[in-house]
Each structure stands twice: as C-alpha cells, then as structure tokens.
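**Student:** Handing you this structure, nothing more for now.
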Ligand code: G6Q
C-alpha cells in the first residue's frame, strides 16, 4: 500500500483550507437559524454514547471534506493494519494491539504465529482467580488476616488508568476494601497513602511493564521496607506483594514470586493498558464480572470503529472534528469536562492518552510534519470548572473547543442535584455556541457601561457526549472512543501515536543529577550556568538547620 502524501498536500486538505475561509465567517447562530433541524442531523450514537457535534463550526460540506481527508489519508487501511497486528508502531517496530485485550473468549487473533487472544484470556483467568481470593478474604496476609487495603504502585500508564477506573467505578466497588494509588517518587505520596493502613492487611500491586521505572521501583522498595519494618519478617513480602509486568526476571529479583505475577505484552502501550493486567486493582475493586463488562464496552466500541461507515462512526467524527479545530481554526487546546464526579480523573487520564500519543513533530517516515499535531488536553469535572476557568472559555481571546460529558441518571440520586448538574451541560454548550449580543443585552435593560463587558461572542465549539448512566461497560466504550479518536487524528497527521521518545531525555539527565544532590558528595558541577546555580542553591538550602527542630 503506498503512503499518502503529507497531509497538507492531500487534495481534501487543500479543499478544506479554501472551505475554511468561508466557514470562518459563519456564526453558529446563523447556521442553526438556517437549518432548524441541525441539532437532529449532526449527531451520532453508538454503544450508549450520543454525540452531538452540531455546535462545531462546520457545515455538511465540512463533514464531507473531512471524511474525504480521512479516506485520502488511508484511515481505514491504517485502522485495519492495527487490528490485524501489523507493526504500526514503526519507531519501536511493534504491533499495537490493545484491541486484542478485549476480544471475547473463543475468538482468535494470530500475530507472529501466536494466538494473542488465548494468551489474553489465560491472564484474565489468572487475574479473576486472584481477585476472587482477595475479595472473598481467602487470600490471607502473612499473619493470617484477610486483605483490606490494596495499594497500586505504578506511574504514567501503570497508574493513570487504574486510578481513573477505580474512581470512575467506585460505585460498583467492594466497599470493605480500601484502594490507594502511589505514583509520585515524592515520598509524601507513599507516606500519606499508607499512613493509616495496617501492614498485615495491605496488598501492594507493583505495576510496571518494564519493571525498571525509577519512580515505581523506588516506591516499591520503600513499600517493602515499610512492610518488613511493620511485620518484622522479610518472608511477609510473599503474601503482600504481587506484580504486573512483562519482565519476569526483574520481578523475581525484587523478591516477588513470579507465580504472583500477572503478565502482558510489548504490544500493549502503557497508556493503552488499563484493560490489561494493569487493571488488576480495577478487577479487585469491581470483581471479574464487572471487569468483563468493562472489556465488553471497549470491544463494542472497537467493533463500531472497525465497521461503521465514517459518516456514523463516533471516533472518526470526533477525531476529524479535532483535526478541523486544531489545524484549520488553530485551536491549541481542548477542554474535557465530565459532568460526573466519578469521572474526576478522566481529564488527567485523557491528557496522557492524547498528548503522549499525538504530541509529535515527526512523521512516520522521519520527516518533520508540516501541520499542527496534538492539542493540549486539560479539564476538570463540571460544575467546578464553571466557577473558575470557564470565564476564559466564554470570553477570552483563545478559542477552546470543549467536550462536555453528561449522564441522564445519577448513581447517587439525591433531591434536585442531578438535574441541576445536567442543566449545566446543556446551558454551557448553548452559551458557548450562541453567546449574547449587544442588542440582546440592551433589550434586557443592561446598563450601557456594562454592555461591552457582558457581550459573549459565542461561536465557540463543543461536542456533547450524553449517556444514560455510568457503568463499567459505558466506561469501556467511552475510553475506546477516545483511543480511536486519537488514532484517527494520528493517522491524518501521519505520525506514530504509539511511541514516546520525548520523555527520555529528562529521565537521563535526572539520573546524572541525582548523585550531585546527595548529602556528603558535592562534586564539581559541569552543567550550564543556570543548572549549576540552581543545584548550588539547592545544596545550600538543604544544609540549612531547622531553627525549631520540628521537621
Ligand atoms: C505510556 C508510557 C509511560 C509508562 C510509564 C510507566 O504509554 O509508556 O507512561 O506507562 O513510564 O512505565 P512502566 O509500566 O514500564 O513502569
């Protein structure tokens, strides 16, 4: 299959550039007035997710051209390559097969001579047996007590998915178990996480694909020392530590019995791993059946992405609108605002998924990309954001496209709360799209000196995602939707969405600096003058006596 030309040289891209000039002068107020059924037409639904994309600055022609661009970019071909296990992660020469993690038992996907689905289900069965033991109290700690606390130690993809999923599905979790997540190498993270826990009732899951990550291994060693100190016996490690990793020798070297190791594969990227064994804490929280529903939700969206026509395909539509806002309207950021407290860590999770995947400046063939790639993702649960940064989204000089995510039913119905919450989803999308004109303000009797300040220009794009209620299945479909939207964008930009070379340099430099900060050894510094001065100042501060002696 021949590769498409660079994005800006594709006919549809050129047509979109010309088309953008026309659309840029249109206001959503006029688009809705001219097409009263716009809100019924520019929507799509799949796997319990209703996507209203009518409040984007698009016309039918825009969608047609964007889908032409998807075709010219060989999106379908690249999608099929990923699903069949081709090495679409070219810079690391790896298959990208998170979709295999949720293929049903009994199906098969043979990659490099191995049926990966069978392997996936063997690990899922091992996880389920272990999760059941912990949940039922049959798994006993070193002193014979059942486990009450589960602490996941991991970072990046080995933390953000587990913590997001635990928070999202807390409603469904076994409430007599406590879950904590330790990621930061800042000791405070670990110390505060275990402060109120009894070691003899605590299970540590060391989650690290490589089992070489400095932060995770540092926290894991501190956890081991804490446990041994509390229980007074190094043999206790066997009943209180399990590992999730692809690196059995290092797991064994750490002192964890590899019988208590849950494996996965190099074709699972960290930020795409919450539904692999990295989800062990999720499975312990919601049970194997709940986890199976989560996987079913992922798989259903995979099938939708794989088979639905582009015109009805949620990830394709969301991905192409993201490209439109990024490359044609030059919007540098995207806000994601879940109107559900359980999704409070979703923005952080999506930040990694989107920005580590598509924050690239090099094309698959190694040349520099000639267009803008991944935008900055950020967000907070609604309605909190409304009382802080939404001001800028409504009236600032930067246009921020926003994804608003709402649910028709609350898992915790209480008086009027849910309708008050949900009214804000609709009201914010309305206010952002239509704004408020000077005429409207004057006709409402707004004092003249306030009119200019109160004008809301509107014409600010939103996607609204609406679902019935947050369930494990729905969460799976929602995450898969974003995964495939990220894939779609990466395919248009012609970048490798599955590597992350940009995080390497800082790690290497930090390792060089660590010994320069250690007390007692103060070698001559040979960095740039700024780094040297900062390290010298750090050393001086470190030497200072605590005058009260209370720290
Ligand atoms: C994700 C990244 C990164 C990774 C962490 C943890 O896609 O690769 O966030 O998940 O660096 O890596 P380990 O699981 O190997 O400790």
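Residue numbers (the working numbering): 165 to 715.
Backbone N, C-alpha and C fix where the C-beta goes; we use that ideal spot for every residue, glycine too.
This one's a predicted model, so the numbers in the text were calculated from it and none came from an experiment.
Please name the residue, chosen from 667, 678, 484 and 681, that lies closest to residue 237 on a Cα-to-Cα basis.
**Tutor:** Along the chain shown, read from residue 1 onward, the residue named residue 237 stands at position 73. It is 484.
**Student:** Could you give the residue range of the alpha helix (DSSP H) that holds residue 247?
**Tutor:** For the purposes of this step, residue 247 is taken as residue 83 along the chain shown, with counting starting at 1. Segment 239-248, the alpha helix (DSSP H) holding residue 247.
**Student:** Rounded to whole angstroms, what's the CA-CA distance from residue 260 to residue 709? Just pull it up for me.
**Tutor:** Counted from its first residue, the chain shown places residue 260 at position 96. Counted from its first residue, the chain shown places residue 709 at position 545. Rounded to the nearest angstrom, the two C-alpha atoms are 53 angstroms apart.
**Student:** Under 7 angstroms, Cβ to Cβ, is there at least one residue of chain D near residue 620?
**Tutor:** Included in the structure is just one protein chain, with no chain D present.
**Student:** Got a sec: does ligand 1 put a non-hydrogen atom nearer than 6 angstroms to the Cβ of residue 515?
**Tutor:** Here the question's residue 515 lines up with position 351 in the chain shown. Not one heavy atom of ligand 1 falls within 6 angstroms of the beta-carbon of residue 515.
**Student:** DSSP on residue 446, reduced to helix/strand/coil?
**Tutor:** Position 282 of the chain shown, counted from the first residue, corresponds to residue 446. In the structure shown, residue 446 sits in a helix (DSSP, three-state: H, G or I).
**Student:** Could you tell me if residue 518 is buried or exposed, where buried requires 16 or more neighbouring beta carbons within 10 angstroms of its beta carbon?
**Tutor:** Within the chain shown, numbered from 1, the residue matching residue 518 stands at position 354. Residue 518 comes out buried.
**Student:** Name the DSSP beta bridge partners of residue 501, please?
**Tutor:** Counting from one through the chain shown, the residue named residue 501 turns up at place 337. DSSP lists 568 as partners of residue 501.
**Student:** From the DSSP output, in three-state form, read off residue 310 for me.
**Tutor:** Walking along the chain shown from the start, residue 310 turns up at place 146. Strand.
**Student:** Where does residue 472 sit, in a helix, a strand or coil, going by DSSP?
**Tutor:** On the chain shown, residue 472 is found 308 positions in, with the first residue counted as 1. The answer is coil: DSSP assigns residue 472 none of H, G, I, E or B.
**Student:** Below 8 angstroms, can you find three or more Cβ-Cβ pairs linking the region 364-382 to the region 310-320?
**Tutor:** yes
**Student:** Answer yes or no: the CB of residue 557 versus the heavy atoms of ligand 1, is any distance below 6 angstroms?
**Tutor:** The residue you call residue 557 lines up with position 393 of the chain shown. No; taking the cut-off as 6 angstroms, the Cβ of residue 557 has no heavy atom of ligand 1 nearer than that.
**Student:** Can you tell me where the alpha helix (DSSP H) with residue 207 in it begins and where it stops?
**Tutor:** Counting from 1 along the chain shown, the entry for residue 207 is found at position 43. Where residue 207 is concerned, there is no enclosing alpha helix (DSSP H), although the beta strand (DSSP E) it sits in stretches over 207-210.
**Student:** Tell whether a beta-carbon distance below 7 angstroms holds between residue 482 and residue 644.
**Tutor:** Locating residue 482 in the chain shown gives position 318, counting from the first residue. Locating residue 644 in the chain shown gives position 480, counting from the first residue. No; because the gap between Cβ atoms is not below 7 angstroms, this pair is not in contact.
**Student:** In this structure, what does DSSP give as the bridge partners for residue 366?
**Tutor:** Taking the chain shown and counting its residues from 1, one reaches residue 366 at position 202. 313, per the DSSP bridge assignment.
**Student:** Can we count residue 374 as close to ligand 1, meaning its CB is less than 6 angstroms from some heavy atom?
**Tutor:** Here residue 374 refers to the residue found at position 210 of the chain shown. Under cutoff, so the answer is yes.
**Student:** Using only the alpha-carbon positions, how far apart do residue 692 and residue 698 sit?
**Tutor:** As a working note, residue 692 is residue 528 in the chain shown. As a working note, residue 698 is residue 534 in the chain shown. Going from the Cα of residue 692 to the Cα of residue 698 covers about 10 angstroms.
**Student:** Return yes when the Cβ of residue 215 is within less than 7 angstroms of the Cβ of residue 629, no when it is not.
**Tutor:** As a working note, residue 629 is residue 465 in the chain shown. As a working note, residue 215 is residue 51 in the chain shown. Result yes, Cβ atoms of residue 629 and residue 215 sit closer than 7 angstroms.
**Student:** Closest to residue 635 by CA distance: which of 263, 332 and 301 is it?
**Tutor:** By 1-based counting over the chain shown, the position of residue 635 is 471. Comparing Cα positions, the closest option is 332.
**Student:** Could you check if residue 319 belongs to the surroundings of ligand 1, using beta carbon to heavy atom distance under 6 angstroms?
**Tutor:** Numbered from 1 along the chain shown, position 155 holds the residue referred to as residue 319. It does: the Cβ of residue 319 is within 6 angstroms (strictly closer) of some heavy atom of ligand 1.
**Student:** Within a Cβ cutoff of 7 angstroms, which residues of the same chain sit near residue 617, ignoring the five residues on either side of it in sequence?
**Tutor:** Counting from one through the chain shown, the residue named residue 617 turns up at place 453. Counting only Cβ-Cβ distances below 7 angstroms, and skipping sequence neighbours, we find nothing.
**Student:** Just list the residues that DSSP pairs residue 513 with in beta bridges.
**Tutor:** Along the chain shown, read from residue 1 onward, the residue named residue 513 stands at position 349. Paired residues: none, contrary to the question.
**Student:** Give a yes or no on contact between the region 461-478 and the region 295-307, applying the rule of three or more CB pairs nearer than 8 angstroms.
**Tutor:** A contact is defined here as three or more CB-CB pairs under 8 angstroms, and the region 461-478 fails this definition with respect to the region 295-307.
**Student:** Please report the straight-line C-alpha distance between residue 290 and residue 176, rounded to a whole angstrom.
**Tutor:** Position 126 of the chain shown, counted from the start, is the residue given in the question as residue 290. Position 12 of the chain shown, counted from the start, is the residue given in the question as residue 176. Cα to Cα, residue 290 sits roughly 49 angstroms from residue 176.
**Student:** So who's on the other strand from residue 531, going by DSSP bridges?
**Tutor:** Translated into positions along the chain shown, residue 531 becomes position 367. Residue 531 is not bridged to any residue.
**Student:** Return the Cβ separation of residue 443 and residue 322 in integer angstroms, given the expectation that the two are a contact with Cβ distance under 8 angstroms.
**Tutor:** Residue 443 sits at position 279 when you count from the first residue of the chain shown. Residue 322 sits at position 158 when you count from the first residue of the chain shown. Not quite, the Cβ-Cβ distance comes to about 10 angstroms (not below 8 angstroms), so this is no contact.
**Student:** Would a C-beta distance cut-off of 7 angstroms place residue 228 and residue 218 closer than the cut-off?
**Tutor:** Along the chain shown, read from residue 1 onward, the residue named residue 228 stands at position 64. Along the chain shown, read from residue 1 onward, the residue named residue 218 stands at position 54. No. Outside cutoff.
**Student:** Name the DSSP beta bridge partners of residue 344, please?
**Tutor:** The residue given as residue 344 occupies position 180 in the chain shown. Answer is 315.
**Student:** Comparing C-alpha positions only, which one of 550, 683 and 320 sits nearest to residue 588?
**Tutor:** Residue numbering aside, residue 588 sits at position 424 when the chain shown is read from its first letter. Of 550, 683 and 320, the residue nearest in Cα terms is 550.
**Student:** With DSSP run on the structure shown, which of helix, strand or coil describes residue 203?
**Tutor:** The residue labelled residue 203 in the question sits at position 39 within the chain shown. If DSSP states are grouped into helix, strand and coil, residue 203 belongs with the helices.
**Student:** Where DSSP assigns a beta bridge to residue 407, which residues make up the other side?
**Tutor:** Locating residue 407 in the chain shown gives position 243, where the first residue counts as 1. Answer is 370 and 425, bridged to residue 407.
**Student:** Rounded C-beta distance between residue 586 and residue 570? I'm assuming under 8 angstroms.
**Tutor:** Translated into positions along the chain shown, residue 586 becomes position 422. Translated into positions along the chain shown, residue 570 becomes position 406. Confirmed, about 6 angstroms.
**Student:** Where DSSP assigns a beta bridge to residue 620, which residues make up the other side?
**Tutor:** If you number the chain shown from 1, residue 620 lands on position 456. Beta-bridge analysis with DSSP links residue 620 to 600.
**Student:** By Cβ distance below 7 angstroms, which residues in the same chain neighbour residue 394 in space, the five residues on each side in sequence not counted?
**Tutor:** As a first step, residue 394 must be located in the chain shown, where it is residue number 230. Within the same chain, residue 394 has close Cβ partners 363.
**Student:** Does the region 398-413 come close enough to the region 369-386 that 3 or more CB-CB pairs lie under 8 angstroms?
**Tutor:** yes
**Student:** Which residues in the same chain have their Cβ closer than 7 angstroms to the Cβ of residue 343, if we skip the five residues on either side of it in sequence?
**Tutor:** Locating residue 343 in the chain shown gives position 179, where the first residue counts as 1. Excluding residues within five positions, the ones whose Cβ falls inside 7 angstroms are 314, 330, 445 and 449.
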